[in-house]
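Note sheet for the following structure.
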Ligand SMILES: Cc1cc2nc3c(=O)[nH]c(=O)nc-3n(C[C@H](O)[C@H](O)[C@H](O)COP(=O)(O)O)c2cc1C
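Numbering (this note's numbering), first residue to last: 1119 to 1296.
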């Protein structure tokens, strides 16, 4: 699959087949995501592949709104994406390098999420990035270390739907030449 086709045909998938995803496939997707660009090559993004049904039940029942819980309940894998704090956007003495402060951390995690989703698409897998969840509750449940922060959840599995692409803004709205 060429890159443009992969970018344009990737969709957020909210319904999955009850088929497990082999660890070798998950490994290859995270390995591809490791090639994402990052601030000063700090590579702060980390991945926790959750397959344990009791953990998935707790996340869907206690820590996510129903529209995301309904996705998580039938996805074979839920990826918790975290990042190591305090490296990206910071000087060695801990001060911010730019006016954006520590926002570069989420920027880098976001790039890694998109690379992950595209690599998954190439393998025939569907994904949906989820940003709405009880961050503290899930961080506690997963024992995420103090020096890391939970950035996003990504459901992963073989798609059971083929949604039409949501309308995109026009080039005129998106692009200016100066
Ligand atoms: C940062 C971020 C957070 C998102 N959070 C959610 C979410 O909580 N639940 C959900 O169903 N979709 C979520 N989405 C998916 C978007 O709704 C989706 O990407 C958008 O509607 C465009 O559709 P497409 O991904 O199929 O192109 C999120 C996407 C991003 C990038």
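Idealized CB from N, CA, C, for every residue including glycine. Keep in mind that this is a model prediction, so the values were computed, not measured.
Residue i in three-state terms, based on DSSP
| i | result |
| --- | --- |
| residue 1257 | helix |
| residue 1269 | strand |
| residue 1224 | helix |
| residue 1098 | What the structure shows of the chain is the stretch from 1119 to 1296, and residue 1098 is not part of that stretch, so it cannot be assessed. |
| residue 1230 | helix |
| residue 1243 | coil |
| residue 1289 | helix |
Whole-number beta carbon distance between residue j and residue i, since they are thought to touch under 8 Å
| i | j | result |
| --- | --- | --- |
| residue 1131 | residue 1244 | 3 Å |
| residue 1285 | residue 1194 | 30 Å between Cβ atoms; not a contact. |
| residue 1268 | residue 1177 | No, residue 1268 and residue 1177 are not in contact; Cβ-Cβ is about 11 Å, not under 8 Å. |
Identity of the residue in the options nearest residue i by Cα
| i | options | result |
| --- | --- | --- |
| residue 1139 | 1185, 1273, 1289 and 1201 | 1273 |
| residue 1206 | 1196, 1200, 1194 and 1220 | 1220 |
| residue 1282 | 1126, 1226, 1121 and 1120 | 1126 |
| residue 1210 | 1120, 1154 and 1158 | 1158 |
| residue 1278 | 1167, 1134 and 1181 | 1134 |
| residue 1248 | 1228, 1236 and 1238 | 1228 |
| residue 1110 | 1276, 1296, 1262 and 1292 | With the chain running from 1119 to 1296 in the structure shown, residue 1110 is simply not present. |
Contact set for residue i: own chain, Cβ-Cβ below 6 Å, skip 5 residues either direction
| i | result |
| --- | --- |
| residue 1241 | 1143 |
Taking only runs of the beta strand (DSSP E) that begin and end inside the segment 1186-1217, which ones reach a length of at least 3 residues, in chain order?
If we require 3 residues or more, the beta strand (DSSP E) runs fully inside the segment 1186-1217 come out as 1195-1202.
Which parts of the segment 1127-1177 are runs of the beta strand (DSSP E), unbroken and 3 residues or longer, counting only runs that do not cross its ends?
Complete beta strand (DSSP E) runs here, min 3: 1163-1168.
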